[in-house]
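Residue numbers (our numbering), protein chains in the order written: chain A, 21 to 279; chain B, 22 to 311.
See the structure below:
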């Protein structure tokens, strides 16, 4: 194959893959402005679906609830995950291998399996399904991603810095606050962003541990799209796409690593 | 001198063990226990211990469903690999700037809500969706084809949602691939196929297996993809597990299914580590000594 042909073939392949990945999403975005309900043809530009979305109180509430859970879960997971990364990197303690193994299990297990383990433990502990069960579950499934992000950064920097601080008599908490925290800060932010996204994206685990008292977006959307077409979902898709674009851009800029 | 228990170090360790113990280890043990209890509609599970749920895993009726679910997930994984591998390879040969841009474009869908993306596929595959418009418009078929609510639609949707999961580990393993090895192989007279078969494929194998794992395992559980695209046919293992817990209330059987899934996962992970070890032993590129 000549060089030109080869290049042409490669770029066609890449273009085809991206067209396939983006076309369905772009259609949703376009249809969120389309006057036609079913979106089979273009009937003119409109904001009415956006208005309808904001009039749909239950849906807006579910959206806000989702953002609340995602924000809280990401924040707590980032704090606990950073400390866990520190413990695994710096300290020796019994059951350390088990702890890393557990993080690995959470990362690799299919969501459906995690969902069941959460459901069973919440029932066993008598935790009512709703806000708290969702929050704990979301924190837990975000944890390993924070830990590996922060751990990778911890491994990257100079150990002598910490030894020097220790020799000069700094306590563990001081070392953490004044040296480790600033050094791993980009990883911490990236971990937060990833957790936020993971939490917002989750359908499977949420649908098991949610309760009637606290509805979040995926559950609501699931019941909406199951019955048929609903233009409000197009609007939601557009909003969520904007959120994920922002978050990916932020985290790419922050980490400037491969992904 | 006795060290106080509430130092920073001990608090961090205690927090780590407490959280992972209570919300990961204990729940997994509980699921294992539930799988050998007896089902009860009122109390979820009751004594006595029984292996009935485990025996039911081998009931021909269910075995057929499992195999079908495994087959759909396996097919999804294979298609993702066939699309993702050449994609990652092409990506690896591009200049750094293009690689960055295209990777970014691959990560955006990865970070976009998968339920919404499944819904997008549902609209695209409908009778008046973009796929059928294309088919009819190009004159390939005279009238719209029933695509939605078929196993085809489920696999299509799963591939769509999971492709980025396949691509990312593959890209990482192509990044590690030392281009000099390819040049060396070429200088030694290896043809295109030989270079692929003896250099590229073995060295990217960890990426291939990692990608297959993180596509195959979730693919079995994504009940909402099957619900939205496959109709009410319960094609995936995830649908069956969900039904046991949410509809039929047969928790032990659902738990046994989950444990079986975990065992399958353990087996696949073992394969992954075995492959990784093999590469390191052969003095692969992970070897720091080079």
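Positions of the beta carbon are idealized from the N, C-alpha and C atoms, including for glycine. It should be emphasised that the depicted structure is a prediction, and the values quoted were computed from it without experimental measurement.
{"Check": "Under three-state DSSP, which class holds residue 146 (chain A)?", "Outcome": "coil"}
{"Check": "Tell me the rounded alpha-carbon separation between residue 16 (chain B) and residue 236 (chain B).", "Outcome": "Outside the shown range of chain B (22 to 311) lies residue 16 (chain B), about which nothing can therefore be said."}
{"Check": "Residue 138 (chain B) lies in the alpha helix (DSSP H); which residues open and close that run?", "Outcome": "135-146"}
{"Check": "Per DSSP, which one or two residues make a beta bridge with residue 121 (chain B)?", "Outcome": "Bridge partners of residue 121 (chain B): none, in fact."}
{"Check": "Tell me residue 231 (chain A)'s beta-bridge partners as DSSP assigns them.", "Outcome": "A:234"}
{"Check": "Measuring CB to CB, does residue 131 (chain A) end up less than 7 Å from residue 242 (chain B)?", "Outcome": "yes"}
{"Check": "Does the distance from the C-beta atom of residue 168 (chain B) to that of residue 101 (chain B) stay below 7 Å?", "Outcome": "no"}
{"Check": "Short of 7 Å in beta carbon distance, which residues of its chain neighbour residue 155 (chain A), apart from the five on each side in sequence? Order them along the chain.", "Outcome": "89, 92 and 93"}
{"Check": "Buried or exposed: where does residue 118 (chain B) fall if 16 or more other Cβ atoms within 10 Å of its Cβ makes it buried?", "Outcome": "exposed"}
{"Check": "Is there a Cβ of chain A sitting closer than 7 Å to that of residue 242 (chain B), yes or no?", "Outcome": "yes"}
{"Check": "Name the chain A residues whose beta carbon is nearer than 8 Å to that of residue 130 (chain B)?", "Outcome": "41, 42 and 45"}
{"Check": "Who are the neighbours of residue 134 (chain B) on chain A, taking C-beta pairs under 7 Å?", "Outcome": "220, 221 and 260"}
{"Check": "DSSP has residue 54 (chain A) in a bridge; who is on the other side?", "Outcome": "A:65"}
{"Check": "Ends of the alpha helix (DSSP H) at residue 105 (chain A)?", "Outcome": "77-110"}
{"Check": "Leaving out five residues before and five after residue 255 (chain A) in sequence, what residues of the same chain have Cβ atoms less than 6 Å from its Cβ?", "Outcome": "52, 69, 70 and 73"}
{"Check": "Chain B partners of residue 191 (chain A), CB-CB under 9 Å?", "Outcome": "28 and 29"}
{"Check": "Is residue 163 (chain A) near residue 101 (chain A), with beta carbons less than 7 Å apart?", "Outcome": "yes"}
{"Check": "Report the start-end ranges of each alpha helix (DSSP H) in the region 121-186 of chain A that is 4 residues or longer and not cut off at the edges.", "Outcome": "131-145 and 151-176"}
{"Check": "Can you find a C-beta in chain B that's less than 7 Å from the C-beta of residue 83 (chain A)?", "Outcome": "no"}
{"Check": "Along the alpha helix (DSSP H) that carries residue 241 (chain B), what are the first and last residues, could you check?", "Outcome": "222-242"}
{"Check": "For the region 113-131 of chain A, which residues have a CB atom closer than 8 Å to at least one CB atom of chain B, in sequence order?", "Outcome": "113, 115, 118, 119, 122, 123, 125, 126, 128, 129, 130 and 131"}
{"Check": "Per DSSP, what kind of secondary structure is residue 170 (chain B) in: helix, strand or coil?", "Outcome": "coil"}
{"Check": "So, does the CB of residue 141 (chain B) fall closer than 7 Å to a CB anywhere in chain A?", "Outcome": "yes"}
{"Check": "Is it buried or exposed for residue 230 (chain B), if we count other Cβ within 10 angstroms and need 16 for buried?", "Outcome": "buried"}
{"Check": "Output, in chain order, the set of chain B residues within a Cβ distance shorter than 7 Å of residue 200 (chain A).", "Outcome": "Simply none; closest approach about 11 Å."}
{"Check": "Roughly how many whole angstroms lie between the Cα atoms of residue 284 (chain B) and residue 163 (chain B)?", "Outcome": "48 Å"}
{"Check": "Rounded to a whole number of angstroms, what is the C-alpha to C-alpha distance between residue 55 (chain B) and residue 273 (chain B)?", "Outcome": "5 Å"}
{"Check": "When the Cα of residue 149 (chain A) is compared with those of A:251, A:57 and A:234, which residue comes out closest?", "Outcome": "A:234"}
{"Check": "Does residue 245 (chain B) get closer than 7 Å to chain A when you measure Cβ to Cβ?", "Outcome": "yes"}
{"Check": "Contact between the region 253-271 of chain A and the region 121-135 of chain A is defined here as three or more beta-carbon pairs at a separation below 8 Å; is this criterion met?", "Outcome": "no"}
{"Check": "Please identify, using Cβ separations under 7 Å, the residues of the region 156-184 of chain A that lie next to chain B, in order along the chain.", "Outcome": "156 and 160"}
{"Check": "Using a Cβ-Cβ cutoff of less than 8 Å, which residues in the same chain neighbour residue 80 (chain A) once the five nearest sequence positions on both sides are dropped?", "Outcome": "73 and 74"}
{"Check": "Do the region 142-160 of chain B and the region 70-82 of chain B meet, that is, are 3 or more Cβ pairs less than 8 Å apart?", "Outcome": "no"}
{"Check": "Assuming residue 109 (chain A) contacts residue 174 (chain A) (C-beta within less than 8 Å), just tell me the rounded distance between them.", "Outcome": "5 Å"}
{"Check": "Where does residue 115 (chain B) sit, in a helix, a strand or coil, going by DSSP?", "Outcome": "coil"}
{"Check": "If you count every other CB in all the chains shown that lies within 10 Å of the CB of residue 265 (chain B), and 16 or more means buried, which is it?", "Outcome": "buried"}
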